[in-house]
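Heads up: take any position in the sequence shown, counting from 1, add 12, and you land on our numbering.
Each residue gets a CB set at the ideal place from its N, CA and C atoms; glycine is no exception.
Small disclaimer: the values here were computed from a predicted structure and weren't measured.
Report on the structure given below.
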Amino acid sequence: MTVIAPFDPWKGPLCTCPPKYSFSAYTGCTHACLYCYISSYIPRPFECRAKRRLIERLLRELRKVNPDLHISIANSSDPYPPVEAKLELTRRALRELLSRGYKVQLITKSDLVVRDLDLIRSGNCSVSITVTTLDEKLANKLEPLAPSPKRRIKALETLVRGGVPCSARLDPIIPGINDEGVEKLVKSIAKAGVSHVVSSTYKAKVDSFERLVKAYPKLRERLYELYWSKGVRIGRSRLLPRKVRYNLLKYVKELVEENGMTFATCREGFPSLQSGETCDGSHLIPNRRAQPRLTLF
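Listed below in structure tokens is the structure:
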């Protein structure tokens with residue numbers, strides 16, 4: 013199995029991401045977010061395991077990578093799980109990639125990313141941090157083992173002050189759970205210096221849906237109606253009705269743009285709502301050095 017591969021192997025019909033690669037140093041994610049989709053295809057999804065011979069495999073596989081495309085780190089696991097503080101696999105991979113001029117976008121929920129500021133700000137790298145709520149109590153329930161929202165916002169502030177272009181992911185928005193605090197969250201993200209926001213609604217799968225309604229039993233009937241009775245199936249997920257999704261995301265877009273940032277949705281089918289150059293925020297990746305054409309050994 014490869015450690016670096018083209019993004020979106022399922023060819024999602026609503027995906028508007030530019031061509032890119034996906035790389036993860038770990039399998040599984042210890043954040044154990046209730047809404048997480050990886051439990052539908054990764055065994056022991058909330059147990060984080062380091063990939064064996066990671067750097068050796070990465071360097072070998074880079075021979076087949078188009079250096080004009082960026083590398084997204086990571087999509088099915090956070091690049092900064094607690095064990096990364098000791099193992100430093102993501103840091104070692106970053107050093108190899110950035111020293112060779114590859115373009116990288118880090119996507120995380122962890123403030124541990126600040127540790128690698130020295131590497132990030134010297135290479136072709138931007139950072140996107142996911143923040144779904146400012147409510148600490150809600151975050152503890154929804155994302156039980158992830159760093160607190162306060163720490164994530166602080167990480168964004170530190171990165172921006174350090175010269176790193178940052179975006180934020182307000183993803184997912186779940187009706188009745190975290191949709192009421194969006195205005196305050198957007199203002200906090202803008203104050204941190206973020207320039208682009210990516211947002212999307214919760215996309216239900218059977219396993220993640222059961223985790224959610226077990227944690228929020230009073231919402232079971234409403235969420236079932238929204239997703240299974242009136243919602244739509246797209247690919248392997250159930251989505252909110254199109255009109256509900258559009259109105260919710262249009263509201264977020266207006267808040268984001270009122271606060272001086274650009275906006276995009278993720279796998280929603282609403283290209284008209286996008287005001288940023290890319291949906292994923294990868295347009296923020298700087299070009300601090302020319303892309304190399306190296307032969308790796």
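By the DSSP assignment, the beta strand (DSSP E) with residue i in it spans what residues?
i: residue 33; result: 32-35
i: residue 276; result: 274-277
i: residue 251; result: 249-251
i: residue 180; result: 178-185
i: residue 300; result: From DSSP, residue 300 is part of no beta strand (DSSP E); its letter is neither H nor E.
i: residue 18; result: 16-18
i: residue 29; result: Premise fails: residue 29 is in no beta strand (DSSP E) and is neither H nor E.
i: residue 137; result: 137-142
i: residue 284; result: Segment: none, residue 284 is in no beta strand (DSSP E) and carries neither H nor E.
i: residue 206; result: Counting along the chain, residue 206 falls outside any beta strand (DSSP E), and DSSP gives it neither H nor E.
i: residue 246; result: 244-246
In angstroms with no decimal places, state the Cα-to-Cα distance between residue i and residue j.
i: residue 306; j: residue 105; result: Model confidence at residue 306 stands at a pLDDT of 44, short of 50, so the residue's coordinates are unreliable; what they give is reported in the following sentence. When rounded, the distance between both Cα atoms is 16 Å.
i: residue 13; j: residue 270; result: 45 Å
i: residue 112; j: residue 175; result: 20 Å
i: residue 302; j: residue 83; result: Confidence in residue 302 is poor, its pLDDT being 47 and thus under 50, which makes the residue's placement too unreliable to answer from.
i: residue 103; j: residue 234; result: 43 Å
i: residue 131; j: residue 107; result: 7 Å
i: residue 34; j: residue 87; result: 7 Å
i: residue 24; j: residue 278; result: 11 Å
i: residue 70; j: residue 299; result: 22 Å
i: residue 285; j: residue 214; result: 17 Å
i: residue 78; j: residue 170; result: 31 Å
i: residue 247; j: residue 50; result: 15 Å
i: residue 138; j: residue 181; result: 13 Å
i: residue 15; j: residue 222; result: 31 Å
i: residue 152; j: residue 39; result: 23 Å
i: residue 29; j: residue 128; result: 26 Å
i: residue 231; j: residue 187; result: 9 Å
i: residue 157; j: residue 91; result: 14 Å
i: residue 168; j: residue 267; result: 19 Å
i: residue 237; j: residue 204; result: 37 Å
i: residue 17; j: residue 81; result: 12 Å
i: residue 287; j: residue 52; result: 32 Å
i: residue 309; j: residue 297; result: Confidence in residue 309 is poor, its pLDDT being 35 and thus under 50, which makes the residue's placement unreliable; the coordinate value appears in the next sentence. Distance between the alpha carbons of residue 309 and residue 297: 27 Å.
i: residue 265; j: residue 282; result: 11 Å
i: residue 304; j: residue 273; result: Unreliable positioning characterises residue 304 in this predicted model, as indicated by a pLDDT of 47, which lies under 50. The coordinate reading is nonetheless provided below. Each residue's Cα considered, the two are about 32 Å apart.
i: residue 110; j: residue 263; result: 37 Å
i: residue 261; j: residue 191; result: 10 Å
i: residue 255; j: residue 242; result: 11 Å
i: residue 206; j: residue 172; result: 7 Å
i: residue 193; j: residue 226; result: 22 Å
i: residue 333; j: residue 150; result: Nothing can be reported for residue 333, as the shown portion of the chain is limited to 13 through 309.
i: residue 76; j: residue 259; result: 42 Å
Compute the beta-carbon to beta-carbon distance between residue i and residue j, rounded to the nearest angstrom, for a pair I have assumed lies under 8 Å.
i: residue 209; j: residue 275; result: 5 Å
i: residue 101; j: residue 62; result: 6 Å
i: residue 212; j: residue 289; result: About 18 Å; that fails the 8 Å criterion.
i: residue 216; j: residue 239; result: 5 Å
i: residue 42; j: residue 19; result: About 23 Å separates the two Cβ atoms, so there is no contact after all.
i: residue 189; j: residue 228; result: 6 Å
i: residue 47; j: residue 224; result: 6 Å
i: residue 148; j: residue 45; result: The pair is not a contact, with the Cβ atoms about 15 Å apart (cut-off 8 Å).
i: residue 74; j: residue 37; result: Actually they are not in contact, since the Cβ atoms of residue 74 and residue 37 sit about 14 Å apart, beyond 8 Å.
i: residue 85; j: residue 125; result: Actually they are not in contact, since the Cβ atoms of residue 85 and residue 125 sit about 10 Å apart, beyond 8 Å.
Determine the extent of the alpha helix (DSSP H) in which residue i is found, giving its start and end residues.
i: residue 267; result: 254-270
i: residue 168; result: 161-173
i: residue 151; result: 148-154
i: residue 200; result: 194-203
i: residue 234; result: 232-236
i: residue 220; result: 218-227
| At which residue ranges does the segment 32-109 contain complete beta strand (DSSP E) runs of 3 or more residues, listed in the order of the chain? | Taking only runs of at least 3 residues, the beta strand (DSSP E) segments lying wholly in the segment 32-109 are 32-35 and 82-85.
Runs of beta strand (DSSP E) wholly within the segment 108-134 (minimum 3 residues, chain order): As far as the segment 108-134 is concerned, its whole beta strand (DSSP E) runs of at least 3 residues are 116-120.
Point to revise | Contact between the segment 161-174 and the segment 116-133 (3+ Cβ pairs under 8 Å) | key: Touching, yes, given that three or more Cβ pairs across the two stretches are closer than 8 Å.
*asked:* Check whether the segment 136-147 and the segment 196-212 touch, using three or more Cβ-Cβ pairs below 8 Å as the test.
replied: The way I'd put it, the segment 136-147 does touch the segment 196-212; three or more beta-carbon pairs between them come closer than 8 Å.
Are there three or more Cβ pairs, one per stretch, closer than 8 Å when the segment 48-66 is compared with the segment 81-96? Counting C-beta pairs with one atom in each stretch, the segment 48-66 and the segment 81-96 have three or more that are closer than 8 Å, which means they touch.
- request: Say whether the segment 175-191 touches the segment 291-301, bearing in mind that this needs 3 or more beta-carbon pairs closer than 8 Å, one atom from each stretch.
  value: Contact holds: three or more Cβ-Cβ distances are below 8 Å.
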